[in-house]
Amino acid sequence: MDSLLGAVTLASIGIQALLLLYVQVRRQRLRTGYPWLLSTLLLSLLAALTFLLPPDVQITGKYGRNFALTLALAALVIAFGAVVVSDTQRQPATGGRRAWLLLGLLWLGGLIAAGLLSPTISIAEGEWLVAAVNAREPFSLMALGGLGVVGAVLLGICLYAFYIAPLPEIANRALFWIINTAVIVVGVILMLSGSQTLTLLGVITLLVGVAGAVYAQLSYRVFDIRNGVNLSLRTALVVTMTALLLFGALQAVSRLPVRSGMEANVLLALLALAVALLYVPVRQLADAVFRPIIQRGQVNPTIATRRYSQRVSGAVELDQLIRVATETLNESLRVRRSGLILVNDTGGENGQIELMVMPGGGFADFKNIRGYVAKAGPVYRQLAVKQSPLTQFDLEFSPDYKTLAEPERQFFNSLRMSAYAPVIVENSLIGILACGPKINDAPFYPRDLEVLATMANQTGVGLRNARLVADLRHLNRSMEALNKGLEEANQQMEKLDSVKTEFVTIASHELRTPLAQIRGYTDIMDQLNSAGMLNQDQIGSMVGNLRKASERMEELITAMLDVSQLDVNAMDLRFSQTTPEAIIRMAIEPLTDAIKQRKLTLSARGLRGLPTIEADMQRLVQAFRNIVVNAIKFTPDGGRIEINASLQPAEKPGEKDHILIAITDTGVGIARENLELIFQKFYRAYDPGLHSTGTYKFMGAGPGLGLTIAKGVIEGHGGKIWAESPGHNMESCPGSTFFVELPLVPPANARRVLPMEGEK
43 MDSLLGAVTL ASIGIQALLL LYVQVRRQRL RTGYPWLLST LLLSLLAALT FLLPPDVQIT
103 GKYGRNFALT LALAALVIAF GAVVVSDTQR QPATGGRRAW LLLGLLWLGG LIAAGLLSPT
163 ISIAEGEWLV AAVNAREPFS LMALGGLGVV GAVLLGICLY AFYIAPLPEI ANRALFWIIN
223 TAVIVVGVIL MLSGSQTLTL LGVITLLVGV AGAVYAQLSY RVFDIRNGVN LSLRTALVVT
283 MTALLLFGAL QAVSRLPVRS GMEANVLLAL LALAVALLYV PVRQLADAVF RPIIQRGQVN
343 PTIATRRYSQ RVSGAVELDQ LIRVATETLN ESLRVRRSGL ILVNDTGGEN GQIELMVMPG
403 GGFADFKNIR GYVAKAGPVY RQLAVKQSPL TQFDLEFSPD YKTLAEPERQ FFNSLRMSAY
463 APVIVENSLI GILACGPKIN DAPFYPRDLE VLATMANQTG VGLRNARLVA DLRHLNRSME
523 ALNKGLEEAN QQMEKLDSVK TEFVTIASHE LRTPLAQIRG YTDIMDQLNS AGMLNQDQIG
583 SMVGNLRKAS ERMEELITAM LDVSQLDVNA MDLRFSQTTP EAIIRMAIEP LTDAIKQRKL
643 TLSARGLRGL PTIEADMQRL VQAFRNIVVN AIKFTPDGGR IEINASLQPA EKPGEKDHIL
703 IAITDTGVGI ARENLELIFQ KFYRAYDPGL HSTGTYKFMG AGPGLGLTIA KGVIEGHGGK
763 IWAESPGHNM ESCPGSTFFV ELPLVPPANA RRVLPMEGEK
């Protein structure tokens, strides 16, 4: 046995040396924890080398081969645990690995301290466990107890990783580490058993565990343990049944009375035939027992693709296609959810394609989720160039996707899907079919991805047609919206054309009246002068009337010039410090006689105490006078006009305080559809046939420019003006209110002129 143990140990050392060399060569493909994997191999190699020493060798005093072997194996378990912790934690494993190493160092420190306190070291020698318990040997008890603690902690870490694993492949990897950890711990226990037979098994077991760690670190996708267990059980059952049949046949042969000759050969042939005939139903029985277990979750490609093609081919609209495709995918592939992602190739210079998640199916909670994939990246190369499916596990763990941009990785992580297949039409990627995890939490095998890819190809024509239908409907809706907008614009143009016609009528009347007055008075003056009957009183009276007519013409021409300046944004303002009270007072002073003649009541409140503002006083006086004149014209005799002002503090950060002035009348009101139109030039809300040349008469009308000028002046100060009214009624007179907001300081982009010489 000593020679066999030595041979196995030498073979183990050679294999581990080859593993060490292989890891050095392939270190670039290691997943995580290269220093700890290297330490695991070196410590395992060191533990194997200790068996080449004589059993009774003493390094110093009581510390011999067994002491060194125990420390080497303890350090091996700690280094191996660091590899496992680094691999099972999806987030950076620095914190978890530090905690694990701290626990390991405490164990190693305890072992060294126990070795100093122990009178003898009996571990790995014969019945050492019984002797250690009876003698209460600290070193042996610390070694065994510490191994149990760190082994349980490491298994707990792996079980927790298995429990929280978001993907079946990650859970399978955690399960692999559970088995590998158990193998390592069992191997350590066997090597410390003290029995040559068990030590021999321990060397082999430890070699298997270390090789498993190297395999897991060099391969991101380990073999499917669940399928392996199922196949192993099936094979074990078949082997057991076959062995029982052969055992029965051998027993029957041993009891045959005929020992030789033709008769014996015939009996053996018949017996062999009976065994063969019995083997067939036995094998079928084994298959019947394990087929439901092995094929659970597997997909019949023919049935799945035929059902999918039949259902998808009848979908015309995009929403219907998404619903039918996801429902059929969920049923055929037995997945929890599925969805569709549309691909838009924008053709931009940045070389990206847009991925638009379509709500519905597995993306029911997603709204307006978009991502971008680089054409030079590995995802686009896999889906569009190779036209092959990929899995979420590949995106997260495959070395081929290490260069994947972080925004792309986060986008796919947020989808909570497990597999993606490209939808290709005419060699162009137009969509992606996505599937969530399977109901039985099994991974996506190559045959599943092939079925998914086939279904994605069948989706191509339907998706293209559905997108064309959706585009056509969107185009129709856009055309309807444009037609509606055009119709509204035509109606607006008709109104404006009517307004211009009315303006021509009103303006001609407005101009003709003062011109007729001027011409009439000049003719009278000429005749009286020719007859020598002209005196000073007559001259003064007629000159006054001529002045009024010319002032009326000047007002009309000035208003037209002001409006023309507003049209080209050419109204310059001269700002200076003033108060809202002064502006309102100067605006209403010239209207006092008209208010008295019409028996109107005008009141102003809240003007005193308001802060000063920076404004063009002359222009604001003009604007407020136009608003008040408008109120006078459309308020019946005996009505009321109220002016209320207040300081409004800023409502949001970055805004400024402003003055709010409300001018309310008890007039005939304004129809709701005209609340915006009244500020347009030439617009009059009423029949121009009601026009009156009286400036302040009830329902008197002018050219329709006063409110337009007021709006332009107020907006030039950075303010706002709007009107509110319950509606228009000549009988009930619901009234209207004009609101004016003025900032304390005009905006920096307001049109200004330099102050004239002598002005401040």
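For the sequence shown, the numbering used here begins at 43 and goes up steadily by one.
Each residue gets a CB set at the ideal place from its N, CA and C atoms; glycine is no exception.
Given residue i, which residues of its chain have a CB within under 6 Å of its CB, disregarding the five upstream and five downstream residues?
i: residue 213; result: 204, 207
i: residue 767; result: 711, 712, 778
i: residue 167; result: 236
Hey, residue i and residue j are a contact pair by Cβ (cut 8 Å); roughly how many whole angstroms apart?
i: residue 705; j: residue 673; result: 6 Å
i: residue 504; j: residue 385; result: The pair is not a contact, with the Cβ atoms about 15 Å apart (cut-off 8 Å).
i: residue 810; j: residue 268; result: Nothing about residue 810 can be read from this structure; the chain reaches only from 43 to 802.
i: residue 813; j: residue 71; result: With the chain covering only 43 through 802, there is no way to say anything about residue 813.
i: residue 788; j: residue 656; result: 6 Å
i: residue 591; j: residue 556; result: 4 Å
i: residue 641; j: residue 679; result: 5 Å
i: residue 74; j: residue 160; result: With 8 Å as the limit, residue 74 and residue 160 do not qualify as a contact, their Cβ atoms being about 37 Å apart.
i: residue 750; j: residue 708; result: Actually they do not touch by this definition, with Cβ atoms about 24 Å apart.
DSSP state of residue i, grouped into three classes?
i: residue 458; result: coil
i: residue 516; result: helix
i: residue 240; result: helix
i: residue 575; result: coil
i: residue 717; result: coil
i: residue 200; result: helix
i: residue 624; result: helix
i: residue 355; result: coil
i: residue 707; result: strand
i: residue 467; result: strand
i: residue 785; result: strand
i: residue 802; result: Reliability fails at residue 802, whose pLDDT of 40 lies under 50, so the model's placement of it is uncertain and the value that follows must be treated cautiously. The answer is coil: DSSP assigns residue 802 none of H, G, I, E or B.
i: residue 446; result: coil
i: residue 473; result: strand
i: residue 181; result: helix
i: residue 381; result: strand
i: residue 790; result: coil
i: residue 373; result: helix
i: residue 734; result: Any reading at residue 734 is ruled out, since the residue's pLDDT is 45, under 50, leaving its predicted position unreliable.
i: residue 808; result: The structure shown has nothing for residue 808, since the chain only spans 43 to 802.
i: residue 619; result: strand
i: residue 712; result: coil
i: residue 435; result: helix
i: residue 702; result: strand
i: residue 581; result: helix
i: residue 610; result: Only weak support exists for where residue 610 lies, its pLDDT of 42 falling under 50; the value from the coordinates is given anyway. The answer is coil: DSSP assigns residue 610 none of H, G, I, E or B.
Keeping to the same chain, check which residues put their C-beta closer than 7 Å to that of residue i; ignore five residues upstream and five downstream.
i: residue 85; result: 114, 117, 118, 121
i: residue 460; result: 209, 433, 434, 477, 478, 479, 486
i: residue 200; result: 126, 130, 216, 219, 220, 223
i: residue 757; result: none
i: residue 283; result: 324, 328
i: residue 498; result: 463, 464, 465, 475
i: residue 619; result: 654, 656
i: residue 313; result: 291, 294, 295
i: residue 772; result: 710
By Cβ distance, which residues of its chain are closer than 8 Å to residue i, with the 5 residues on each side in sequence left out?
i: residue 450; result: 413, 414, 415, 416, 419, 421
i: residue 409; result: 401
i: residue 231; result: 189, 244
i: residue 467; result: 502, 503, 505, 506
i: residue 647; result: 684, 685, 686, 687
i: residue 62; result: 80, 83, 84, 87
i: residue 192; result: 119, 120, 123, 145, 146, 149
Please decide whether residue i counts as near chain C, where near means a Cβ-Cβ distance under 7 Å.
i: residue 208; result: Absent from the structure: chain C. Only one protein chain is present.
Quick test of the definition: if touching needs 3 or more C-beta pairs under 8 Å, does the region 371-382 touch the region 390-406? As far as the Cβ criterion goes, the region 371-382 touches the region 390-406, which means the pair count is three or higher.
Per the contact definition of three or more C-beta pairs closer than 8 Å, is the region 151-160 in contact with the region 224-232? The region 151-160 and the region 224-232 do not touch, with fewer than three beta-carbon pairs separated by less than 8 Å.
Can you confirm whether the region 424-438 touches the region 500-519 when touching is taken to mean that 3 or more C-beta pairs between the two stretches lie within less than 8 Å? The answer is no - the region 424-438 does not touch the region 500-519, with fewer than three Cβ pairs under 8 Å.
Across the region 238-247 and the region 214-221, are there enough close Cβ pairs to call them in contact, namely three or more that are closer than 8 Å? Flag = no, the region 238-247 and the region 214-221 do not touch.
Can you give, in chain order, each stretch of the alpha helix (DSSP H) that sits fully within the region 639-695 and has at least 4 residues? Whole alpha helix (DSSP H) segments, 4+ residues: 659-675.
Report the residue ranges of all beta strand (DSSP E) runs contained in full by the region 56-114; include only those spanning at least 3 residues, in chain order. The region 56-114 contains these whole beta strand (DSSP E) runs: 100-102.
Counting Cβ pairs closer than 8 Å, one from the region 76-91 and one from the region 44-56, do we hit at least three? These segments touch.
Taking only runs that begin and end inside the region 393-425, name each unbroken alpha helix (DSSP H) of 4 or more residues, in chain order. Unbroken alpha helix (DSSP H) stretches of 4 residues or longer found wholly inside the region 393-425: none.
State whether the region 489-496 contacts the region 514-526, with contact taken as three or more CB pairs (one from each stretch) at a distance under 8 Å. In short, these stretches do not touch, since the Cβ pair count stays below three.
Would the region 246-260 count as touching the region 269-289 if we require 3 or more Cβ pairs under 8 Å? Cβ pair count under 8 Å is below three, so no.
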